[in-house]
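Take a look at the structure below.
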Amino acid sequence: MVKTYNASKAEGHNFKAQPDLAEAAAKTTENPLAKIDAALAQVDALRSDLGAVQNRFNSAITNLGNTVNNLSSARSRIEDSDYATEVSNMSRAQILQQAGTSVLAQANQVPQKRPLFTALIRRLIHRHVVHNQGSESCLF
């Protein structure tokens, strides 16, 4: 490092040393292209990291969307099958009720020669219809 001396401010034999400003400026601007290249490399690395994170987020969003669609489809199928089952159960209960009513009507038309038998049939049919409405049991 080269130092220059300012003789104009010298007093006697006492000299003050001052570094050369040109040399200091040259040090701060040493290889500016290398510094720019390093900064660009750092920006590129950050951009690639950000792009990777963005791709992972996009993938997660797509997967969550597919999951929502699949769950909605499954729920719809379950609800539809429950609805179909309930309609089937209701139809079955109505048929059983109509059959019971028909048997009661026929029992009422039987002559009263066998009153105990008729009363027993009425009681059984009535008990079955009242206690088993909409259930899985069958009268016959």
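Residues 1 to 140 in the UniProt record's numbering are what the sequence shown lists, from first letter to last.
Even for Gly, the Cβ is constructed at its ideal location relative to N, Cα and C.
Note that this is a predicted model, so its numbers are computed, not measured.
- If you look at Glu86, you'll find it in the alpha helix (DSSP H) that goes Pro32 to Gln109.
- For the set Asp80, His126, Arg75 and Ala107, the Cα lying nearest the Cα of Leu96 is the one of His126.
- Ser91 and Arg77 have their C-alpha atoms spaced approximately 21 Å apart.
- Around the Cβ of Gly51, a 10 Å sphere holds fewer than 16 other Cβ atoms; the residue is exposed.
- A straight line joining the alpha-carbon of Thr67 with that of Gln42 spans about 38 Å.
- Contact between Arg123 and Ala107 does not hold, since the beta-carbon distance rounds to 10 Å and is not under 8 Å.
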